[in-house]
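Chemist:
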Amino acid sequence: VFFLTGTDEHGQKVEKAATERGLKPIELADQVVGRYKDLWKDLNISYDFFIRTTEPLHEKGVQKIFKKLMEKGDIYKGIYKGWYCVSDENFLTEDVPLENEEHKICPDCGKRADVVSEECYFFKLSAYQKPLLDFYAKFPAFVRPPSRMNEVLSFVRQGLKDISITRTTVKWGIPVPDDPDHTIYVWFDALHNYLTGIGYDWNMELFEEFWPATVHLIGKDILRFHAIFWPAFLMAADFPLPQTVIGHGWWLKDKTKMSKSKGNVLDPYLILDTFGPDPLRYFLLREIPIGLDGNFSHEGFVHRVNSDLANDLGNLVQRTLTMIQNYFSGIIEETDEEEKIDKEIRLEFDNLKKKVLKFFEDYALSKALEEIWAYISSVNKYLAVNEPWKLAKDQSKRKRLGRILYQAAAALRGISYLLFPVIPGSSETIWSFLGEKEPIQENSFAELKFENLKLGQKIKKPKPLFPRIALKDFLKKEEKKSSPARKEEKMEHVTFEEFKRMDFRVGEVLKAERVEGTDKLLKLEVDIGTEKRTIVAGVADVYSPEELVGKKFVIIVNLKPAVIRGVESQGMLLAAEVEGKTTIPFFDKDVQTGAKVK
């Protein structure tokens, strides 16, 4: 197995973002890469190689392939004119309609596209329509889930046109070999990281061992590049194609795509700092099938952690190992022969192994975890039915007691092994509690059997794995972190024209109520003269809802709406903050509601 991940760092979007921050593109890329690597480490995610498309080994490999396709005649020079989305680094198709007969909006990101006209190199994508359709027919599971495959087929059947793969107006990228005025288009550049990242042109022994890839796991928004353009590039360069492309869905917040401008971005570090990596890994893989979108809520997350991890798995570990400690001094002792109920719990595990392996092979991780938790429920029920705590009071039942606790411990051993890819830290801990000396990953799947739990093995005293957390406490922590105290910073000047764009009005509060689950937030219905607006304000710690009804104050009414704790806030009130205490400057009653403040 070779796990490759990395960053594509070229293109106009990166160049523009760096310029806005006063940085060189490579400086911005270095910052972002550092954050990615830190997060992967915190999530307990390891990889065999992290490829950066700014690395010389990647640039050399891309230029070599570009030159090869030119020599074959699959790349040629021409003039491109059309609509280009800087945000998605994507050329829009002709069927995207004009907005107000002036401009086009990118259907993928919703941002404005610009008309570009420039000399460029084209790739003969049109020549690969039939080869692609033939390939899809031969390998119908090339794209998963099936709904994504249908999207790809529909697009290709409409007809493919040659695509521009270079730019002259962008310099942040890989130059075209022998024609440095042209920069290779970011997607042609980036896709080839799958080859250069495993040794193409610099370690061919490694490359030949691991290409073609078993799976590309990508976001649904870049499916077209991976399922249409990329296979065509590979066909043209005479490389075998990857086995599978999985287009995973998006995690939504408040049922919309996360966006900084909307204010509905989640901070993974808040969850990691509170729960550690395993609960977050489990939730993300358990909550939804890999191809669908899912709505992330802190309430749903806390419920899943408390129910599945703390109650079901955590309690099974705690009571099984505690009983072995209490009744057998922590030793796996000799037992009676299996009775029917004991055999059933063992055979159920054997069946579970087959199901989980099949689901993992099909990338149906949510279903695999569902089956594992069904088995955890069975083992908990097995203990409840057999009541080992009662048998412990009868010395003549000691071997029967030993059998029951052996079955439960053997089941836990198997469960921890099956869960290792999902919650590795917790699985290793359970494995260690059971007295296993060899690392969990050094045990083979085929040898995962009940009888491999050795008699006489000394277990460790268990510690709580997944402490329960009160939703209210977590939401308080989330609210506090999402509204950090502002540091005093040097203020930048704004022009008078910029100031004139701000629309300040006198607003009057008609209704006020607390935002459920928070201590500081109030939901206000405000009359701004021309309409009524909903505004979320962090003032509940100093003002009660009743105090604000009828009050008038200054509101900025032309801010972009932001979703705050599930409520869309359509403006912002102005307040003063002194030593952490908020004070709202109110108007007298006779000031007209909706009056402009200048």
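Residue numbers (this note's numbering): 2 to 599. Glycine included, each C-beta is placed from N, C-alpha and C at the ideal position. Only a predicted model underlies this, so the values are computations on that prediction, with no experimental measurement involved.
Between Leu192 and Phe226, which are expected to be in contact by the criterion C-beta below 8 Å, what is the C-beta distance as a whole number of angstroms?
Modeler: For the purposes of this step, residue 192 is taken as the residue at position 191 of the sequence shown. For the purposes of this step, residue 226 is taken as the residue at position 225 of the sequence shown. Rounded, the Cβ-Cβ distance is 7 Å, consistent with contact.
Chemist: Looking at the C-beta of Arg401, does it have a partner C-beta in chain D at a distance below 8 Å?
Modeler: Here chain D cannot be found, since the structure has a single protein chain.
Chemist: How would you label Asn559, buried or exposed, when you count the other beta carbons within 10 angstroms and need 16 or more for buried?
Modeler: Mapped onto the sequence shown, residue 559 falls at position 558. With fewer than 16 Cβ atoms within 10 Å of its Cβ, Asn559 is classed as exposed.
Chemist: Leu549 and Val592 look like a contact to me (Cβ under 8 Å); what is the Cβ gap, rounded to whole Å?
Modeler: If you number the sequence shown from 1, residue 549 lands on position 548. If you number the sequence shown from 1, residue 592 lands on position 591. Rounded, the Cβ-Cβ distance is 16 Å, inconsistent with contact.
Chemist: From Val177, Ser545 and Lys256, pick the residue whose C-alpha is nearest to that of Lys512; which is it?
Modeler: Position 511 of the sequence shown, counted from the start, is the residue given in the question as residue 512. Measuring from the Cα of Lys512, the nearest candidate turns out to be Ser545.
Chemist: According to DSSP, simplified to helix, strand and coil, what is Phe234?
Modeler: Working through the sequence shown from its first residue, we reach residue 234 at position 233. Residue state, collapsed to three classes: helix.
Chemist: Identify the continuous beta strand (DSSP E) that holds Asn296 and give its terminal residues.
Modeler: The count along the sequence shown starts at 1 and reaches residue 296 at position 295. Counting along the chain, the beta strand (DSSP E) containing Asn296 begins and ends at Gly295 to Phe297.
Chemist: Which class does Ala369 belong to by DSSP, given the choice of helix, strand or coil?
Modeler: Your numbering for residue 369 matches position 368 in the sequence shown. Here Ala369 sits in helix by DSSP.
Chemist: Have a look at Phe360 and Leu366 and give me their C-alpha separation to the nearest angstrom.
Modeler: On the sequence shown, residue 360 is found 359 positions in, with the first residue counted as 1. On the sequence shown, residue 366 is found 365 positions in, with the first residue counted as 1. Rounded to the nearest angstrom, the two C-alpha atoms are 6 Å apart.
Chemist: Closest to Asp163 by C-alpha separation, out of Ile229, Lys172, Asp180 and Asp182, would be which residue?
Modeler: Here residue 163 corresponds to residue number 162 of the sequence shown, with the count starting at 1. Per the Cα distances, Ile229.
Chemist: Three-state secondary structure (DSSP) at Met573?
Modeler: As a working note, residue 573 is residue 572 in the sequence shown. The answer is strand: DSSP assigns Met573 an E or B state.
Chemist: So, are the CB atoms of Arg145 and Leu224 less than 8 Å apart?
Modeler: Here the question's residue 145 lines up with position 144 in the sequence shown. Here the question's residue 224 lines up with position 223 in the sequence shown. No. Outside cutoff.
Chemist: Express the C-alpha separation of Phe189 and Ile166 in angstroms, rounding to a whole number.
Modeler: Indexing the sequence shown from 1 puts residue 166 at position 165. Indexing the sequence shown from 1 puts residue 189 at position 188. Roughly 6 Å between the two C-alpha positions.
Chemist: Shortest alpha-carbon distance to Ile556 belongs to which of Pro181, Ile529 and Glu578?
Modeler: Within the sequence shown, numbered from 1, the residue matching residue 556 stands at position 555. Nearest of Pro181, Ile529 and Glu578 to Ile556, Cα basis: Ile529.
Chemist: In three-state DSSP terms, what is Ile424?
Modeler: Taking the first residue of the sequence shown as 1, we reach residue 424 at position 423. In the structure shown, Ile424 sits in coil (DSSP, three-state: anything other than H, G, I, E or B).
Chemist: For Arg320, name the three-state secondary structure that DSSP assigns.
Modeler: One-based indexing of the sequence shown puts residue 320 at position 319. Three-state DSSP puts Arg320 in a helix.
Chemist: DSSP three-state call for Phe226: helix, strand or coil?
Modeler: To locate residue 226, count along the sequence shown from 1; it is residue 225. Residue state, collapsed to three classes: helix.
Chemist: Find the nearest neighbour of Val648 within the set Lys477, Ile424 and Gly174, judged by alpha-carbon distance.
Modeler: Residue numbering for the chain in the displayed model covers 2 to 599; residue 648 lies beyond these limits and cannot be assessed.
Chemist: Could you tell me the distance, in whole angstroms, from the CA atom of Ala409 to the CA atom of Glu334?
Modeler: For the purposes of this step, residue 409 is taken as residue 408 along the sequence shown, with counting starting at 1. For the purposes of this step, residue 334 is taken as residue 333 along the sequence shown, with counting starting at 1. Near 13 Å, if we compare the C-alpha coordinates of Glu334 and Ala409.
Chemist: Please classify Tyr270 as buried or exposed, where buried requires at least 16 neighbouring CB atoms within 10 angstroms.
Modeler: The count along the sequence shown starts at 1 and reaches residue 270 at position 269. The residue in question, Tyr270, is exposed, as its Cβ has fewer than 16 Cβ neighbours within 10 Å.
Chemist: So, helix, strand or coil for Tyr122, using DSSP?
Modeler: Taking the first residue of the sequence shown as 1, we reach residue 122 at position 121. In the structure shown, Tyr122 sits in a strand (DSSP, three-state: E or B).
Chemist: Run through DSSP, which three-state label would Lys491 get?
Modeler: Taking the sequence shown and counting its residues from 1, one reaches residue 491 at position 490. Model confidence at Lys491 stands at a pLDDT of 41, short of 50, so the residue's coordinates are unreliable and nothing is read from them.
Chemist: With distances taken Cα to Cα, identify the nearest neighbour of Gln159 among His183, Leu133, Lys172 and Pro176.
Modeler: Against the sequence shown, residue 159 aligns to sequence position 158. Checked all of His183, Leu133, Lys172 and Pro176; the closest Cα to Gln159 is Leu133.
Chemist: Identify, in the order they occur along the chain, each residue of the same chain with its Cβ nearer than 6 Å to the Cβ of Phe211, setting aside the five sequence neighbours on each side.
Modeler: As a first step, residue 211 must be located in the sequence shown, where it is residue number 210. Only Phe3 and Ile199 meet the Cβ criterion.
Chemist: Taking a contact to mean a Cβ-Cβ separation below 8 Å, would you say Thr8 touches Arg53 in this structure?
Modeler: As a position in the sequence shown, residue 8 is number 7, starting the count at 1. As a position in the sequence shown, residue 53 is number 52, starting the count at 1. In this structure, Arg53 lies closer than 8 Å to Thr8 by Cβ.
Chemist: Helix, strand or coil: which one does DSSP assign to Ile563?
Modeler: Counting from 1 along the sequence shown, the entry for residue 563 is found at position 562. It should be pointed out that residue 563 corresponds to Ala in this sequence rather than to Ile. DSSP places Ala563 in strand when its eight states are reduced to three.
Chemist: Within a Cβ cutoff of 6 Å, which residues of the same chain sit near Gln458, ignoring the five residues on either side of it in sequence?
Modeler: Along the sequence shown, one-based indexing puts residue 458 at 457. So the qualifying residues of the chain are Ile333 and Gly436.
Chemist: Quick check on Glu448: does DSSP put it in helix, strand or coil?
Modeler: As a first step, residue 448 is located in the sequence shown; it is residue number 447 there, counting from the start. Coil, per DSSP.
Chemist: Quick test of the definition: if touching needs 3 or more C-beta pairs under 8 Å, does the segment 304-315 touch the segment 63-83?
Modeler: As far as the Cβ criterion goes, the segment 304-315 does not touch the segment 63-83, which means the pair count is below three.
Chemist: Got a sec, what are the start and stop residues for the alpha helix (DSSP H) His11 sits in?
Modeler: By 1-based counting over the sequence shown, the position of residue 11 is 10. Where His11 is concerned, there is no enclosing alpha helix (DSSP H), given that its DSSP letter is neither H nor E.
Chemist: Do the segment 403-417 and the segment 333-349 meet, that is, are 3 or more Cβ pairs less than 8 Å apart?
Modeler: With the cut-off at 8 Å, the segment 403-417 and the segment 333-349 touch.
Chemist: Work out the CA separation of Glu578 and Glu490 for me, nearest whole Å.
Modeler: Residue mapping note: residue 490 aligns to position 489 of the sequence shown, counting from 1. Residue mapping note: residue 578 aligns to position 577 of the sequence shown, counting from 1. Note that Glu490 has pLDDT 38, beneath the 50 cutoff, so the model's placement of it is unreliable and the number below is only indicative. Going from the Cα of Glu490 to the Cα of Glu578 covers about 15 Å.
Chemist: Assign Lys488 to one of two classes, buried (16 or more other C-beta atoms within 10 Å of its C-beta) or exposed (fewer than that).
Modeler: Stepping through the sequence shown from its first residue, residue 488 is reached at position 487. Because Lys488 sits at a pLDDT of 39, beneath the cut-off of 50, its placement in the model cannot be relied upon, and the point is left open.
Chemist: Can you name the residues that DSSP bridges to Gly83?
Modeler: Start at 1 with the first residue of the sequence shown, and residue 83 comes out as number 82. Partner(s): Val117.
Chemist: With 16 as the cutoff for other CB atoms within 10 Å, does Gln442 come out buried or exposed?
Modeler: On the sequence shown, residue 442 is found 441 positions in, with the first residue counted as 1. Burial call: exposed.
Chemist: Count the other CB atoms, across all protein chains shown, that sit within 10 Å of the CB of Val15; report buried if there are 16 or more and exposed otherwise.
Modeler: In the sequence shown, residue 15 corresponds to position 14, counting from 1. Val15 is buried by the Cβ-count criterion.
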